[in-house]
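Going by our numbering, the sequence shown opens with residue 1064, and the numbers climb by one from there.
Think of the CB as a built atom: it goes at the ideal place given N, C-alpha and C, for glycine as much as any other residue.
A quick write-up on the structure given underneath.
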Amino acid sequence: MNKTVKKNSQSLIKKRTFVLLSIQMGIVGVLGWKIRDLQIEDFERYSLLAEENRVNIRIIPPKRGKIYDLKGNILADNQQNYKITLIREETNDPRKLLEDLSLLLNFPKKSQKKILTELNKVSPFLPITVIENITWSEFSKVAANLPSLPGLITEVGLTRKYLKNETMAHLVGYLGPISKEDFKRFSRSDPLLKIPKFKIGKTGIERAKDKDLRGSPGVSRLEVNAKGRVMRELENIPGESGKDFQLTVDTDLQEFSMYRTFNQSASIVVMNLKNGNIESLCSTPSFDPNKFIYGISKNEWNELLKSKKRPLSNKAVSDAYPPGSTFKMVVALAALESNNFDIEETINCNGYYEIGGRRFHCHRSTGHKKTNLIRSLKYSCDVYFYEIARRIGIEKIAETAEKLGLNNKFDIPVSSISKGLIPNTSWQNNFLETKWRTGDTLNAGIGQGYVLATPLQLAVMTSRIATGRKIQPKLINAVDGIQSKNEYSKEKLEISEKSLKIVKRGMYAVVNEE
1064 MNKTVKKNSQ SLIKKRTFVL LSIQMGIVGV LGWKIRDLQI EDFERYSLLA EENRVNIRII
1124 PPKRGKIYDL KGNILADNQQ NYKITLIREE TNDPRKLLED LSLLLNFPKK SQKKILTELN
1184 KVSPFLPITV IENITWSEFS KVAANLPSLP GLITEVGLTR KYLKNETMAH LVGYLGPISK
1244 EDFKRFSRSD PLLKIPKFKI GKTGIERAKD KDLRGSPGVS RLEVNAKGRV MRELENIPGE
1304 SGKDFQLTVD TDLQEFSMYR TFNQSASIVV MNLKNGNIES LCSTPSFDPN KFIYGISKNE
1364 WNELLKSKKR PLSNKAVSDA YPPGSTFKMV VALAALESNN FDIEETINCN GYYEIGGRRF
1424 HCHRSTGHKK TNLIRSLKYS CDVYFYEIAR RIGIEKIAET AEKLGLNNKF DIPVSSISKG
1484 LIPNTSWQNN FLETKWRTGD TLNAGIGQGY VLATPLQLAV MTSRIATGRK IQPKLINAVD
1544 GIQSKNEYSK EKLEISEKSL KIVKRGMYAV VNEE
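Below is the structure:
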């Protein structure tokens, strides 16, 4: 009996031992598999997490491309900018940190509150600019006290500098902070746009070629300790500088144009007939673009906005005006290209043209008597062109105007280019509640009424008449030293050389005959 019990007891112990060993081996196997996962399968993930705990990655803004004039003079350059930045995750108390900074620099409470508000809008690891464009003395004072100012960083960056101020303001433009509207133009994935206070082109070449000018960012990997203090730089991958642009504009000619229109609300456009280069495109009065870089005061901004002479507007391309008598060349060419038009036919001008009981007056109240085409261009006789416009109609006039570049929005890199307006019956059906009348055609015949054109369009029109070719305006001469594609078209106008010669005779008479 005792032997049987002993055997059963030993058998039970063996079974329990086996089960226990199996469980232990299972646990060891699971732990071993988990260790394998940690060491092999999940190595990269946990390694990255560990790396992120000790390495900070910072975006380095690239050097912005320069802008030159035709002769190689610098119009927009970069200069050193001493500034102080702050990284929120590297300081325990941003408020106290800014208060301590104010003991070293003139940093008012209002500015401190603004920075604290901005800190809450960005990621804690992103640097935010606290103050910039400080003096070397102020910069070195902060640098010497950095050990007691954890979270602050002294940086030497670059800021934009415009060397020709008002002379090139409308062409070159200026930089400014990114707005909500600006984000719609660019990809939100661009890391540069996430840098607080990063500036982009707002007007002119700076805006039109902003993506090329600003380049691509670099990256700096910094090793930090448990408290977030930078120990060393592990890697510095430089960014790619922006492209340099050379314009077709001659600064000397531009300054002369500005001088001739000084203190007036006016514009001048000068084009090279050989290649379509715009050698001067000025608008007066102008403004100092550097004020937008360093911060323009509210009073100065309101003064610019409220000025009757509209200094912020580039009148050469943005404003469209009734072209007046300069439009008479268009009407003359439209008539010459129509059938059976006799340039020697005379029309009597007694000071007004009457139709439907209404009088359309000539600028010379006593009239020009009998005038033919050449004489009417020479003396700018309104009555002659009233009659010619009535005969050929608005459709023929509009067709000729478009051949000469009017009603055309030229593709040059400046802001707010106006298309102007050359009316016809199709436009009238879409935009006017009344029918097109003969009087509307008469007004269009002398460049009045609904007709609108920009100074640039009139320069192109004159260039095409002078050359008989479809000249296209060009503003970029080279990019990074490589000559830009020549946009000058050698294609002939769809206007006969005979008609162009006749109109040029009249234009010559205006300025060369008695």
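Sequence-distant residues of its chain with Cβ nearer than 8 Å to residue i (five each side left out)
| i | result |
| --- | --- |
| residue 1546 | 1540 |
| residue 1112 | Any reading at residue 1112 must be qualified, since the residue scores a pLDDT of 48, below 50, and its modelled position is unreliable; the value itself is stated next. No residues qualify anywhere along the chain. |
| residue 1320 | 1331, 1333, 1343 and 1345 |
| residue 1175 | 1158, 1161, 1162 and 1165 |
Exposure label - residue i; buried when at least 16 CB within 10 Å
| i | result |
| --- | --- |
| residue 1437 | buried |
| residue 1575 | exposed |
| residue 1445 | buried |
| residue 1152 | exposed |
| residue 1374 | buried |
| residue 1171 | exposed |
| residue 1231 | buried |
| residue 1405 | exposed |
| residue 1463 | buried |
| residue 1199 | exposed |
| residue 1087 | exposed |
| residue 1154 | buried |
| residue 1499 | buried |
| residue 1471 | buried |
| residue 1248 | exposed |
| residue 1298 | exposed |
| residue 1362 | exposed |
| residue 1561 | exposed |
| residue 1393 | buried |
Residue interval of the beta strand (DSSP E) (run including residue i)
| i | result |
| --- | --- |
| residue 1342 | 1341-1347 |
| residue 1145 | 1137-1149 |
| residue 1433 | 1432-1434 |
| residue 1238 | 1238-1240 |
| residue 1192 | 1191-1194 |
| residue 1540 | 1539-1542 |
Where the alpha helix (DSSP H) through residue i begins and ends
| i | result |
| --- | --- |
| residue 1218 | First-last for residue 1218: 1215-1225, but that is the beta strand (DSSP E), not the alpha helix (DSSP H). |
| residue 1232 | 1232-1235 |
| residue 1201 | 1199-1207 |
| residue 1330 | Unbroken run through residue 1330 is the beta strand (DSSP E), 1329-1334; no alpha helix (DSSP H). |
| residue 1404 | Counting along the chain, residue 1404 falls outside any alpha helix (DSSP H), and DSSP gives it neither H nor E. |
| residue 1565 | 1560-1575 |
| residue 1324 | From DSSP, residue 1324 is part of no alpha helix (DSSP H); its letter is neither H nor E. |
| residue 1353 | 1353-1357 |
| residue 1389 | Looking at the DSSP string, residue 1389 is not in any alpha helix (DSSP H), and its letter there is neither H nor E. |
| residue 1377 | No alpha helix (DSSP H) contains residue 1377, which DSSP labels as neither H nor E. |
| residue 1368 | 1361-1369 |
| residue 1158 | 1157-1165 |
| residue 1180 | 1172-1182 |
Residues near residue i by beta carbon distance below 6 Å, same chain, minus five either side
| i | result |
| --- | --- |
| residue 1309 | 1131, 1540 and 1541 |
| residue 1439 | 1447 |
| residue 1359 | none |
| residue 1428 | 1414 |
| residue 1473 | 1536 |
Own chain partners of residue i with C-beta closer than 7 Å, once the 5 adjacent residues on each side are dropped
| i | result |
| --- | --- |
| residue 1512 | 1503 and 1506 |
| residue 1266 | 1236, 1237 and 1478 |
| residue 1413 | 1430 |
| residue 1409 | 1433, 1434 and 1435 |
| residue 1283 | 1121, 1123, 1296 and 1299 |
| residue 1241 | 1256, 1261 and 1263 |
| residue 1202 | 1145 and 1217 |
Next item on the list: With a floor of 4 residues, list each alpha helix (DSSP H) that falls wholly inside the segment 1244-1322, ordered by position along the chain.
Entry: 1267-1271 and 1273-1277
Checklist line | Entirely enclosed alpha helix (DSSP H) segments - the segment 1465-1535, minimum 4 residues | finding: 1488-1494, 1501-1508 and 1518-1530
Margin query: Going residue by residue through the segment 1419-1461, where are the continuous beta strand (DSSP E) segments of at least 3 residues, counting only ones entirely within it?
Written below: 1421-1424 and 1432-1434
Notebook entry, point to check: Does the segment 1131-1148 come close enough to the segment 1190-1200 to have 3 or more Cβ pairs within less than 8 Å?
Noted result: yes
Checklist line | Touching by the beta-carbon criterion (3+ pairs, under 8 Å), the segment 1450-1457 and the segment 1396-1408 | finding: yes
Notebook entry, point to check: Would you say the segment 1515-1523 touches the segment 1371-1391, given that touching needs at least three Cβ pairs under 8 Å?
Noted result: yes
Notebook entry, point to check: Just checking, does the segment 1161-1180 make contact with the segment 1327-1345 on the three C-beta pairs under 8 Å criterion?
Noted result: no
Margin query: Can you confirm whether the segment 1217-1229 touches the segment 1343-1361 when touching is taken to mean that 3 or more C-beta pairs between the two stretches lie within less than 8 Å?
Written below: yes
Margin query: Taking 8 Å as the cut-off, does the segment 1464-1483 touch the segment 1414-1421 (at least 3 CB pairs, one atom from each stretch)?
Written below: no
Check: Between the segment 1295-1304 and the segment 1123-1137, do at least 3 Cβ pairs fall closer than 8 Å?
Finding: yes
Note to self: Contact between the segment 1365-1379 and the segment 1481-1500 is defined here as three or more beta-carbon pairs at a separation below 8 Å; is this criterion met?
What the structure shows: no
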